[in-house]
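Start counting the sequence shown at -17; every next residue gets the next number (this note's numbering). A virtual CB, placed ideally from N, CA and C, is assigned to each residue, including glycine. What follows is a single structure, written as structure tokens, with notes after it.
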Amino acid sequence: MPKMYIIIILVVVVAIAGTWIALTHNKGAEKKVGDAGLVANTTGSDAVTSSQTPTTQGQGAGANATATQAVTSATIHTNKGDVTLEFFGTDAPNTVANFLKLAKDGFYDGTKFHRVIKGFMLQGGDPLTKDDSKMAMWGTGGPGYSFKDEIRANNKNDVGTISMANSGPNTNGSQFFINVAPNNFLDDKHTVFGRVTAGMDVVKAIESTPTNSGDRPLDPIIIKSVTLN
-17 MPKMYIIIIL VVVVAIAGTW IALTHNKGAE KKVGDAGLVA NTTGSDAVTS SQTPTTQGQG
43 AGANATATQA VTSATIHTNK GDVTLEFFGT DAPNTVANFL KLAKDGFYDG TKFHRVIKGF
103 MLQGGDPLTK DDSKMAMWGT GGPGYSFKDE IRANNKNDVG TISMANSGPN TNGSQFFINV
163 APNNFLDDKH TVFGRVTAGM DVVKAIESTP TNSGDRPLDP IIIKSVTLN
């Protein structure tokens, strides 16, 4: 075989091998980035973030919520049906008290589940979602303060649990999410403070609602009110 043909064949082989290696590397990088997004709570589609800008760092509304400490459950009334929660007051007392105080004050009334990802979670609790003209800012709102995580050894983001959304350690405010899958990779980053005891069918119905490319429901999912039981 002429020497020129041998050189051409070698060049082609090297080029094909290089392309295969590059493609393999890129696929691995994409998977790594996706996993990192989940773990680091970036703004990726699978992160559970709350980009609210806290004005103070403290114990949250729970610090002054003694009147609600005896409450062990609540019902979220949505335009799709009711969801009843049982709270983990022993494991996350300040987080529970914060949610109850905000609910008692009507903070959640009229807010929307602004982020729904099938097979992952439903996120709500942002006061900015009351105003459609502020849609570009949905996911950034909060109560004007932040408070510390309450993550213990038995903190489990299991199916049907309710957990705090955040933008990093100790940045809890008002936003929360309901797990519709066993999201245990979030256990060391998001405080679980209760679980759904009734209305999981409503949760599943909301999970299945059509969304746009930004995970926003096409039909608004509205929290009409929250009743403390």
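Validate contact between the stretch 181 to 196 and the stretch 68 to 77 using beta carbons, cut 8 Å, 3 pairs:
no
Output the distance between the C-alpha atoms of I133 and A147, rounded to the nearest integer angstrom.
13 Å
Could you give the C-beta distance for N154 and T77, rounded to a whole number, given that I count them as a contact under 8 Å?
7 Å
Do you know how far the Cα of M117 is from the Cα of G92?
14 Å
In terms of residues, what are the limits of the beta strand (DSSP E) holding I144?
T143 to M146
Please state if the CB of V162 and the CB of G101 are separated by a distance shorter than 8 Å.
yes
When you compare only the Cα positions, how much space is there between D87 and A135?
31 Å
Under 7 Å Cβ to Cβ from L110, same chain only, skipping five residues before and after it: list those, please.
K116, M119, W120, T122 and G123
For F102, report the span of its alpha helix (DSSP H) as first-last.
F102 -> no alpha helix (DSSP H), and no H or E assigned at all.
Whole-number beta carbon distance between N211 and D169, since they are thought to touch under 8 Å
27 Å between Cβ atoms; not a contact.
For E68, the first and last residue of its enclosing beta strand (DSSP E)
G63 to F69
Return the chain-ordered list of same chain residues with a C-beta closer than 6 Å to the C-beta of T24, the five sequence neighbours on each side being excluded.
Residue confidence is low: T24 scores 33 on pLDDT, short of 50, so the model does not pin down where it sits. No coordinate-derived value is stated.
What would DSSP say about P199, mapped onto helix, strand or coil?
strand
Taking the CB atoms as reference points, tell me whether T60 and K206 lie closer together than 8 Å.
yes
Expressed to the nearest angstrom, what Euclidean distance is found between the alpha-carbon atoms of D64 and G176?
16 Å
Which partner residues of L210 appear in the DSSP bridge assignment?
A56
Is K83 helix, strand or coil by DSSP?
helix
Assign T143 to buried or exposed, taking buried as 16 or more other Cβ atoms, counted over all protein chains shown, within 10 Å of its Cβ.
buried
Find out if the Cβ-Cβ distance for the pair P164, D140 is shorter than 8 Å.
yes
Do you know how far the Cα of Y90 is from the Cα of P125?
10 Å
Would you call the CB atoms of V174 and A74 closer than 8 Å?
yes
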